[in-house]
Structures are given as C-alpha cells and as structure tokens.
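Residue numbers (the numbering used here), protein chains in the order written: chain A, 42 to 219; chain B, 316 to 385.
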Amino acid sequence: MHEEGHHAETTSDLTLNEVPIEIDLRARDIEDGVDPSRQRFHIFLIDTGWNTGVSKAVRSHLPLMARFAKDDQLFVLSPEMSVEVLRQAPDLIGHDPIILVYDLIKPPGKTRSYRGFHLNLGLMRHPEQALARFQEFVRFLTTHRTALDLDLAVRRKLHSQGFQGMIKILREASNELL
Amino acid sequence: MNEEPPWMPALLGALAVMYVGYELNRRRTRLRRIFSTFDREESVIAETLEGLVVSGRLKPYFPGQPAGQA
C-alpha cells in the first residue's frame with residue numbers, strides 16, 4: 042500500500058516534469074490596463090561563459106533577481122544552449138551574459154514592432170560595474186511592470202535621454218572622478 | 316604683455332561645453348549598446364528559445380536551483 046502510494050507520487054512527479062510548457066513570446070494588444078498580478082515578462086539569461094568574472098557575479102545574484110521577478114518566468118540557459126541561440130544572432134556574440142526580456146504587452150499605438158529589451162552585461166569590463174547595471178535593470182523591471190509603453194520608458198530611463206538623463210550622466214561622471 | 320587674449324575665456328568655455336556634449340553623447344551611445352530594445356529582427360532567437368522550452372530542454376528557473384540546469 043505504502044509502496045503503491047510512493048509509486049503514484051513518483052509517477053505524478055514525473056508527469057509534472059514531463060508536461061511540456063506552453064510558451065508564446067509574441068507581444069499582445071491589451072484593452073484594459075496592466076494587471077500587476079499577471080505575468081508581464083519572459084526573462085532569459087544567455088551566457089556562453091566568455092566573460093567569466095561578470096558571469097560569476099550575475100549567476101550568484103540570480104536567486105535574488107528571481108525573487109524580485111516572481112510574477113514573471115525566468116529561464117537560465119546552459120552554455121551549450123546559449124551558443125545555440127547566439128549562432129542565430131552572431132552580432133550578439135561577446136555581449137553575453139545577456140538578459141533578454143520579452144514583453145508580453147504591445148505598446149499602444151506603436152507602428153514599430155517592439156518585442157522587448159536586453160541588457161548586454163558582457164560589454165562591462167568589471168564585475169562591480171556589471172552588478173551596478175544589473176541592479177539598475179532589476180529596479181527598472183520591478184518599477185515599470187505596469188507601464189503601458191515600456192519602449193518609451195527604456196529610452197527615458199535606461200538610455201538617460203532628456204534633461205533628467207543628462208543630469209544623471211553628469212552625476213555619474215562626477216562620482217567617477219571623485 | 317603677459318595678459319591673456321580677450322577671446323581666451325570664450326574659447327575655453329566653448330571647449331568645455333564641447334567636451335561635456337561629447338561625453339554625454341559617448342555615454343548615451345554606450346548605454347544604448349548595454350540596454351537596448353529589440354523588435355522583429357530577433358524573432359529567430361525567439362523561435363529558438365520557444366523551441367528549447369517546448370522541447371523540455373529549458374525549464375523555468377527557481378531560487379535555490381543551480382543556475383544553468385533545468
């Protein structure tokens with residue numbers, strides 16, 4: 042009886058693990074506002090292992106990122122899978138670790154076919170710099186989960202466009218000089 | 316004789332403004348390389364990623380799970 046129960050539990054675990062996951066990375070139009078409790082992003086970490094220092098720093102902070110992004114799905118590719126993906130986009134070779142975010146919501150009224158955004162951490166030389174950008178990125182994702190037009194938010198906040206962006210860049214530059 | 320020419324402060328001011336402009340532009344270009352949006356051209360990547368997930372080779376990551384393992 043006990044064995045049978047154990048067998049049933051194992052079978053059920055196996056079944057759960059073997060159930061294929063449905064995934065559709067296309068952005069959709071929404072009519073109502075953004076529901077903060079629903080999934081907004083599919084997040085992928087692509088890392089072939091070129092930049093070992095940055096890679097180690099990012100991977101050691103992944104559990105933290107996963108907790109912040111608990112309403113979204115995070116996928117971590119193995120180095121082999123990362124190579125497989127980057128072979129499709131050779132321009133991105135050497136930019137990894139890359140955090141690729143597919144946005145499920147299409148910005149309203151946009152003619153451009155925006156799909157999402159990525160953070161190319163492999164372009165940073167030092168793990169400390171990469172971690173600072175990684176933190177900024179997680180902060181951006183968390184604070185803008187309900188923004189309708191993330192395309193615009195990326196340009197304003199992450200590209201530091203506009204007057205406020207200029208002040209931010211100058212402040213960062215002066216901090217580097219001190 | 317040792318007095319600086321009257322146009323010197325204006326020249327230095329212009330150079331300073333040009334340097335700030337150059338530095339802003341350089342840093343913004345770098346930020347655009349680090350954080351960038353993407354569109355249809357990367358749909359090939361999307362297809363590969365969807366394929367990895369649907370085939371079961373790539374599974375969602377949860378805290379506590381070793382990174383890079385399904």
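Backbone N, C-alpha and C fix where the C-beta goes; we use that ideal spot for every residue, glycine too.
Problem set entry | A/V75 in three-state terms, based on DSSP | coil
For this session: Pull up the distance between the alpha-carbon of A/L145 and that of A/Q170, whole angstroms please.
Result: 29 Å
Exercise. Can a CB atom of chain B be found closer than 8 Å to the CB of A/G135?
Worked result: no
For this session: Assess, as a yes-or-no matter, whether the segment 102-118 of chain A is touched by the segment 150-164 of chain A under the definition of 3 or more beta carbon pairs within less than 8 Å.
Result: no
For this session: Under the assumption that A/L118 contacts A/L86 (Cβ atoms under 8 Å), give the Cβ distance between them as a whole number of angstroms.
Result: 6 Å
Problem set entry | Proximal residues of chain B, C-beta to C-beta of A/R108 below 9 Å | P378
Problem set entry | Contact list for B/V332 against chain A, beta-carbon separation under 9 Å | The premise fails here: B/V332 is roughly 13 Å from chain A at the closest Cβ pair, so nothing lies under 9 Å.
Problem set entry | Endpoints, the alpha helix (DSSP H) within which A/Y143 is located | From DSSP, A/Y143 is part of no alpha helix (DSSP H) but of the beta strand (DSSP E) over I139 to D144.
Exercise. Since B/T363 and A/V195 are thought to touch, with beta carbons under 8 Å apart, how far apart are those beta carbons, to the nearest angstrom?
Worked result: So it is not a contact: roughly 23 Å between Cβ atoms.
For this session: Give the straight-line distance between the Cα atoms of A/V142 and A/A130, rounded to the nearest whole angstrom.
Result: 16 Å
Exercise. B/N340 by DSSP, collapsed to three states: which one?
Worked result: helix
For this session: Kindly say whether A/A130, judged by its beta-carbon, lies nearer than 8 Å to any beta-carbon of chain B.
Result: yes
For this session: On the DSSP bridge assignment, give the partners of A/G157 in chain order.
Result: A/Y143 and B/F353
Exercise. Measuring from the CB of A/F178, is there a heavy atom of the ligand PLP at a distance below 7 Å?
Worked result: Summarising the ligand content, the structure contains no ligands, and the ligand PLP is consequently not present.
Exercise. Hey, A/P2 and A/S96: beta-carbon distance below 8 Å or not?
Worked result: With chain A covering 42 to 219 only, the question about residue 2 of chain A has no answer from this structure.
For this session: Kindly identify the DSSP beta-bridge partner or partners of A/F85.
Result: A/F116 and A/L141
For this session: Give me whichever residues DSSP pairs with B/P375 in a beta bridge.
Result: A/F116
For this session: For chain B, find out if any of its Cβ atoms is closer than 8 Å to the Cβ of A/S154; answer yes or no.
Result: yes
For this session: Closer than 8 Å by beta-carbon distance: list the chain B residues that pair up with A/G157, in chain order.
Result: T352 and F353
Exercise. Nearest to A/V99 by CA position, among A/F178, A/R197 and A/I62, is which residue?
Worked result: A/F178
For this session: State yes or no: is the beta carbon of B/P324 nearer than 8 Å to at least one beta carbon in chain A?
Result: no
Problem set entry | Endpoints, alpha helix (DSSP H) assigned at A/D192 | L191 to A194
Problem set entry | Any chain B beta carbon closer than 8 Å to A/Q80 | no
Problem set entry | Assigned exposure category for B/Y376 - 16 Cβ within 10 Å defines buried | buried
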